[in-house]
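Throughout, the working numbering is defined as the position within the sequence shown, counted from one, plus 13.
Ideal Cβ positions, reconstructed from N, Cα and C, are used throughout, including at glycine.
Quick notes on the structure that follows.
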Amino acid sequence: MKKLCLIILSILLVAPTVFALSASIGNARMILYPEIVAGKETVIEKTILVKNVNNVSIEVELTAHGDLEEMVEIIDSNFILEPFESREAAFTLTVTQPGRYEGNIAVAFSEYPENKDSSGV
């Protein structure tokens, strides 16, 4: 029994730790019903709250998909969040014709290169 405990303890101490990044996104779903006049441009300004809940810096990248690709300008498309920092990522949506549009803004997180060990080990 002692030998088994010693083996398990050795494995736990030697095994590499798993590191997973996570983040939090506020106001993740938006349904908009703006008043649109055909031929007249309507500009809607919005933000997405992004929170770094890690103890390391992360790089955040926002990209539009679906109908939004041609209609949205992501102002804060790429930025760095320090540990436990949050930021409102701004974007504008420009609509010129009435209709139903669907799409999303994907928010991707990755470890900021400065966090990685540069010694090559």
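Legend entry - Of the listed residues Val-73, Asn-117, Ala-77, Glu-54, nearest to Ser-99 (C-alpha basis): As a first step, residue 99 is located in the sequence shown; it is residue number 86 there, counting from the start. Ser-99 has its Cα closest to that of Val-73, out of Val-73, Asn-117, Ala-77, Glu-54.
Inset, instruction - Please classify Asn-40: is it buried, with 16 or more other beta-carbons within 10 angstroms of its beta-carbon, or exposed? - result: Counting from 1 along the sequence shown, the entry for residue 40 is found at position 27. Per the 10 Å Cβ criterion, exposed.
Legend entry - At least three beta-carbon pairs within less than 8 Å, the region 104 to 117 to the region 76 to 86: yes
Inset, instruction - Report the option in Glu-124, Pro-111, Glu-115 whose CA atom is closest to the CA atom of Lys-53. - result: For the purposes of this step, residue 53 is identified with residue 40 of the sequence shown, where counting begins at 1. If we check each option's Cα against that of Lys-53, Pro-111 comes out closest.
Legend entry - Limits of the unbroken beta strand (DSSP E) element including Glu-58: The sequence position of residue 58 within the sequence shown is 45, counting from 1. 55 to 65 is the extent of the beta strand (DSSP E) around Glu-58.
Legend entry - Delimiting residues of the beta strand (DSSP E) encompassing Asn-117: For the purposes of this step, residue 117 is identified with residue 104 of the sequence shown, where counting begins at 1. Looking at the DSSP string, the run of the beta strand (DSSP E) that includes Asn-117 is 116 to 124.
Inset, instruction - Spatial neighbours of Glu-95 within its chain, please: CB distance less than 8 Å, with the 5 preceding and 5 following residues excluded, ordered by chain position. - result: Residue 95 sits at position 82 when you count from the first residue of the sequence shown. Around Glu-95: Asn-65, Ser-70.
Inset, instruction - Pick helix, strand or coil for Leu-94, following the three-state DSSP scheme. - result: Counting from one through the sequence shown, the residue named residue 94 turns up at place 81. Leu-94 falls in the strand class under three-state DSSP.
Inset, instruction - Using 10 angstroms around the beta-carbon of Asn-91, count the other beta-carbons present and answer buried if the total reaches 16, otherwise exposed. - result: Numbered from 1 along the sequence shown, position 78 holds the residue referred to as residue 91. Exposed: under 16 other Cβ atoms inside 10 Å.
Legend entry - Backbone CA spacing between Phe-122 and Ile-57 [nearest angstrom]: Here residue 122 is taken as the residue at index 109 of the sequence shown, counted from 1. Here residue 57 is taken as the residue at index 44 of the sequence shown, counted from 1. So the alpha carbons of these two residues sit roughly 26 Å apart.
Legend entry - Separation of Pro-126 from Ala-119, as counted between CA atoms: Within the sequence shown, the letter at position 106 stands for residue 119. Within the sequence shown, the letter at position 113 stands for residue 126. Taking the straight line from one Cα to the other gives about 21 Å.
Inset, instruction - Indicate whether Thr-76 and Glu-101 have their beta-carbon atoms separated by less than 9 Å. - result: Taking the sequence shown and counting its residues from 1, one reaches residue 76 at position 63. Taking the sequence shown and counting its residues from 1, one reaches residue 101 at position 88. No; because the gap between Cβ atoms is not below 9 Å, this pair is not in contact.
Legend entry - Contacting residues, own chain, Cβ-Cβ under 7 Å from Ala-51 (five flanking each side not counted): The residue you call residue 51 lines up with position 38 of the sequence shown. Only Gln-110, Pro-111 meet the Cβ criterion.
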